[in-house]
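According to my numbering, the sequence shown is numbered sequentially starting from 35.
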Amino acid sequence: MKSNVPNASFTSVKVTNGEAGLSALTKPFVVDAQVESADLLDRAGPKYLFKIGTLLGPQSELYQAEARQYDVENDFNRRYNRVITVELPAGYAVRNLQDLNVDVKTGPTAAPSYLFRSQYEQKGQTVTINIMEYYREIRWPKKDFEAFRDVVNAAANFNKVVLVLEKKG
């Protein structure tokens, strides 16, 4: 996280299931941290721009226009469950919370092979974003590459999300 957020100050960090030899399939590796950084904010007149997507860290991008030559082959399956909680300053609201809602998947509807989903919930001045991202298949045929690329790029696009905070009223 510190490499993702310049000048980050951690007010708390708790790691669960970080011992060597544990399987992430049976006990997920969990990092629970509170972080502050002025580098996540820019000012635009009376508004603030909160670079929330930066918290995800760098993401792979598959924006190339060339035709795919080979099937996709991942080194391993992976899954990320992220929860980001933001306390909005008193008197401020977010103009574009809907930008946090993303749902891109491919494969069977009941159990997608690849997925990037982000959903937010707001209670008062607290916004909670739940992000699920997974890649269940090691191999994916090149004929279906566009669907795979859409999922990878959904994560890359989320990394660029900037929330606009403005005074209420």
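All C-beta atoms, glycine included, are put in the ideal place defined by N, C-alpha and C.
Rounded distance between the beta-carbons of residue j and residue i, thought under 8 Å
i, j, result
"I165", "R112", "Actually they are not in contact, since the Cβ atoms of I165 and R112 sit about 14 Å apart, beyond 8 Å."
"S43", "V69", "7 Å"
"V196", "K85", "5 Å"
Buried versus exposed, by CB contacts within 10 Å (16 or more), residue i
i, result
"V47", "exposed"
"D76", "exposed"
"K157", "exposed"
"Y154", "buried"
"D133", "buried"
Cross-strand partners of residue i (DSSP beta bridge)
i, result
"I86", "I86 pairs with nothing; no bridge assigned."
Secondary structure of residue i, DSSP reduced to three states
i, result
"V108", "Just to set this straight, residue 108 is Asn in the shown sequence, not Val. Correct three-state label for N108: coil."
"N164", "strand"
"L56", "coil"
"R102", "coil"
Option in the options with minimal Cα separation from residue i
i, options, result
"E200", "S43, K61, Q159", "Q159"
"A72", "V106, L89, T50, K202", "L89"
"V185", "F44, G55, E70, Q93", "Q93"
"Y148", "V136, E171, G87", "E171"
"A190", "S152, G141, D109", "S152"
"T140", "N193, V49, N187, K202", "N187"
"L103", "E167, E180, D137", "It should be noted that the sequence gives Gln, not Leu, for residue 103. Taking only the C-alpha atoms, the option nearest Q103 is E180."
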